[in-house]
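In what follows, a structure is listed as structure tokens, so that the remarks can point back to it.
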Amino acid sequence: MWEAVRRLSLGALLIAAVSLVLLLSDRGRGPQRSGTRKIWKVHILELVSAVDSEDTERGMREGLASRLSEGRDYTVTVRNAQGDMPTLSSLVDAAVSEGADLIMTLSTPTLQAAVQRVKTTPIVFSFSSNPIGAGAGSSYDDHLPNVTGVPTMSAYDDVMGLIRELMPQAHRLGTLVVPSEVNSVFNTKIAVDVGARHGFEFSILPVNTSSDVGDATLALLAQHPDAICQVGSNLTIAGFASIVRPSQQAHVPVFGFLSSDAKNGAVAVAARDYHESGREAGVLAARIIQGESPAAIPFHEVQGARVIVNVGAARLAGIEIPDALRRRAAQVLE
Amino acid sequence: MSLLVGAWTVGLILSLLALGVFISFRVFKFPDITTEGSITVGAATAAVLLVKGVPAPLATIAGAVAGAIAGALTGVLHTKFGINGLLSGIIVMTALYSVNLRIMGQSNIPLLNVPTLATDAEHLGRALFGVESIAILSWSLAVRDALTLLLSVVTIVLIGTSLYLFLRTHLGTAMRSTGDNDQMMRALGVNVGNMLILGLALANGLVGLSGALLAQYQGFADVQMGIGMVVWGLASVIIGEALVGTQQLGYVVVAAVMGSVLFRLLVAVALRAGLSPNDLKLITAGFVFAALVLPNAVKGLRSAGGRQHA
């Protein structure tokens with residue numbers, strides 16, 4: 041008996057001590073000071089550290105700052121689960137226990153964890169292309185009363201229009217899809233639909249790890265697409281150079297949906313950036329802080345797109361960029 | 027208080043995974059990577075069935091069974107085809123990735139509007155207390171969270187006890203001995219291969235159950251939820267062992283649960299402390315290190331204190 045107590049005491053003691061620390065840190069927050077203005081505690085919750093989620097976060101901060109002033113009207117705390125999904129619910133709990141007044145989420149699982157555990161505090165999401173599929177509402181207008189946000193939709197029409205403008209004869213496009221990323225699968229489906237309206241047919245190959253991107257591109261090129269039109273996903277953003285290199289050797293132009301794609305060698309992109317959707321989400325958050333109810337704000341996609349052309353990449357693919365497009369482009373990379 | 031209760035609940039749910047890892051890595055000394063796939067297969071199976079309207083307890087059990095099948099498959103690859111243990115786990119884990127996508131039909135299934143064990147707990151709580159949340163001193167606690175925690179405690183106690191009792195039966199003892207000395211067991215006429223298959227099925231059944239419960243608690247199943255799980259399960263087992271400082275069966279089972287809970291509590295503290303989010307993993311690693319070193323330090327203090335026990 042004593043043996044058991046002795047053996048288990050250290051563990052039990054540690055658990056009790058840590059529990060106590062948590063419990064004390066979670067103590068009642070005290071009444072709101074009346075008379076002084078309320079400073080909103082905005083908590084940004086992220087699942088992973090990646091280039092595009094950092095872009096989104098920067099956009100969110102800018103959006104908030106465009107209408108309010110940090111420190112006077114609101115404070116921002118950022119938390120990141122660093123890729124570990126069971127941590128997500130603790131992430132949400134930590135925000136709640138710190139008295140978050142508004143929660144902003146990046147990525148679909150983060151939104152789901154927040155929606156599951158937070159029923160009244162406003163939630164503004166971004167970096168998630170399919171909030172309906174995630175369970176945040178039944179349509180863009182009819183959604184959970186405390187949730188609103190900016191679904192990240194790529195500029196499909198604009199990109200397809202660009203390809204048609206530069207390659208009037210093109211018929212077959214190719215893209216890699218990442219089956220494990222809900223956004224990649226969903227976006228590819230939309231790209232195929234929109235492409236069909238522009239008279240394009242898609243060849244699609246799956247890719248699961250970043251080291252496979254190069255090989256998958258070669259396999260895709262073996263199907264002789266007229267152009268690669270890479271739909272955005274975490275994996276292919278990071279590995280975009282591995283898509284561009286074999287395509288350039290095969291003289292097949294690459295098009296993309298992100299501004300980083302153009303820098304990495306895409307001929308032309310129409311980017312509706314994560315940065316921009318983060319910014320819109322920041323503005324939505326600011327509107328809620330200024331008194332609007334999230335229930336009355338429909339989910340709201342970013343409109344418009346920035347056209348960026350890469351003249352060097354176009355020359356390699358044997359494409360001439362017309363002057364009209366040069367003038368229209370927000371940015372021309374030589 | 028939800029932060030504390032939440033961390034406890036996740037810790038308890040993942041302690042099932044730790045118990046599974048304990049069986050494969052410690053009892054059988056088999057480096058079983060299947061875990062990363064079987065936690066997801068458990069979650070995926072349960073989620074799909076829940077969406078189809080299957081009662082939550084049945085869907086949860088189905089998740090465990092799916093995990094067990096995956097584990098048995100790894101055992102078969104190893105024993106019947108002579109594939110290296112680590113590799114057979116990797117093969118099954120890799121295959122499960124596609125299988126999970128097939129089961130779910132997409133990479134993520136939300137469980138927001140379907141009845142789960144979590145909503146069952148909520149209904150039970152409302153029936154028992156009639157209120158949404160209770161106040162204890164200056165803390166308020168959602169009845170839903172309290173009941174979920176209670177449900178997890180009951181589940182872990184039941185499963186931990188049955189596992190302990192099972193490992194002490196003839197069959198369980200044969201399993202443990204197989205892990206210790208398989209040549210001896212073979213000489214005694216035990217089919218060592220079948221023992222391993224059964225053991226891995228049991229281990230991954232627990233992992234699958236853990237996944238099914240985690241999905242219901244978090245409100246979604248996602249194909250990427252298994253990433254890194256073997257490492258954290260193993261960390262929980264080792265932290266627990268360091269804490270109790272013995273290999274005796276009963277203690278080690280309790281230790282695995284304690285290790286898992288402690289680990290999740292420490293992650294919650296790190297999150298709550300509001301440190302730079304980029305440092306989270308570094309701090310977690312530091313905590314694991316401390317938990318491993320502390321028991322020896324305490325022992326050192328005790329003996330330095332002069333009173334020596336026999």
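Respectively, the protein sequence lines represent chains U and S. Numbers 41 to 374, taken from my numbering, label the letters of the first sequence in order. Numbers 27 to 336, taken from my numbering, label the letters of the second sequence in order. We treat Cβ as the ideally placed atom computed from N, Cα and C, and that holds for glycine.
For the 7 Å CB-CB criterion, Gly-266 (chain S) and Gly-254 (chain S) do not form a contact. Between Phe-339 (chain U) and Pro-191 (chain U), the CB-CB gap stays under 7 Å.
Contacts with chain S at 7 Å (Cβ-Cβ) do not include Gly-296 (chain U). Ala-227 (chain S) and Ala-121 (chain S) have their alpha carbons spaced roughly 17 Å apart.
Across the structure, Asp-305 (chain S) and Thr-249 (chain U) are spaced so that their CA atoms are roughly 25 Å apart. In the displayed model, Asn-230 (chain S) falls within a helix according to three-state DSSP.
Put simply, the backbone Cα of Val-309 (chain U) is about 11 Å away from that of Leu-373 (chain U).
Annotation for Val-218 (chain S): Thr-204, Asp-208, Met-211, Arg-212 place their beta carbon closer than 7 Å to its own, counting only its chain and skipping 5 residues before and after. In the displayed model, Arg-212 (chain U) falls within a strand according to three-state DSSP. Distance between Val-91 (chain U) and Gln-250 (chain S), taken at the CA atoms: about 19 Å. DSSP places Phe-165 (chain U) in the strand class (E or B) of the three-state scheme.
Taking a contact as a CB-CB distance under 8 Å, the pair Ala-231 (chain U) and Arg-312 (chain U) does not count as one, their CB atoms being some 13 Å apart.
For Phe-155 (chain S), the enclosing alpha helix (DSSP H) covers residues 143 to 155. For the stretch 50 to 76 of chain S, the beta-carbon criterion of a distance under 9 Å to any beta-carbon of chain U is satisfied by none of its residues. Contact with chain S is found for Met-125 (chain U), since one of that chain's Cβ atoms lies less than 7 Å from the residue's Cβ. Contact between Ile-163 (chain U) and Thr-145 (chain U) is confirmed by a C-beta separation of about 6 Å, below the 8 Å threshold.
By the CB criterion at 7 Å, Ser-273 (chain U) and Ser-243 (chain U) fall outside the cutoff. Look at Ile-143 (chain U) here: in three-state DSSP terms it is strand. DSSP, reduced to helix, strand and coil, places Thr-66 (chain S) within a helical segment of the structure shown.
Contact with chain U is found for Gln-250 (chain S), since one of that chain's Cβ atoms lies less than 7 Å from the residue's Cβ. Proximity of the stretch 124 to 138 of chain U to the stretch 290 to 309 of chain S meets the contact definition, three or more beta-carbon pairs being nearer than 8 Å. Interface criterion met: the Cβ of Val-36 (chain S) is under 7 Å from a Cβ in chain U. Within chain S, the residues whose beta carbon sits less than 8 Å from that of Thr-117 (chain U) are Gly-300, listed in sequence order. Runs of the alpha helix (DSSP H) spanning 4 or more residues and lying entirely within the stretch 235 to 297 of chain S occur at 255 to 270, in chain order. Using beta-carbon distances, Tyr-190 (chain S) does not count as an interface residue toward chain U, since no partner is under 7 Å. In this structure the stretch 342 to 350 of chain U does not lie against the stretch 133 to 142 of chain S, because fewer than three pairs of beta carbons, one per stretch, are closer than 8 Å. Secondary structure of Lys-307 (chain S) (DSSP, three-state): helix.
The three-state reading of DSSP puts Lys-78 (chain U) in coil, since its state is none of H, G, I, E or B. Rounded to whole angstroms, the separation of the alpha carbons of Gly-46 (chain S) and Pro-185 (chain U) is 41 Å.
Within chain S, the residues placing a beta-carbon under 7 Å from that of Gly-175 (chain U) are Pro-136, Leu-138, Asn-139, ordered along the chain. Scanning chain U for C-beta atoms nearer than 8 Å to the C-beta of Ala-33 (chain S) yields Leu-62, Ser-130, Asp-133, reported in chain order.
Put simply, the stretch 249 to 260 of chain U does not touch the stretch 204 to 211 of chain U. Fewer than three CB pairs are less than 8 Å apart. Nearest to Asp-266 (chain U) by C-alpha distance, out of U:Ala-364, U:Ser-287, U:Arg-47, is U:Ser-287.
Between the beta-carbon of Asp-66 (chain U) and that of Ser-137 (chain U) there is about 4 Å, and that keeps the pair under the 8 Å contact cut. By the C-beta density criterion, Ile-162 (chain S) is exposed, having fewer than 16 other C-beta atoms within 10 angstroms.
Neighbourhood of Ser-65 (chain U) in chain S, by CB distance below 7 Å: Arg-298, in chain order.
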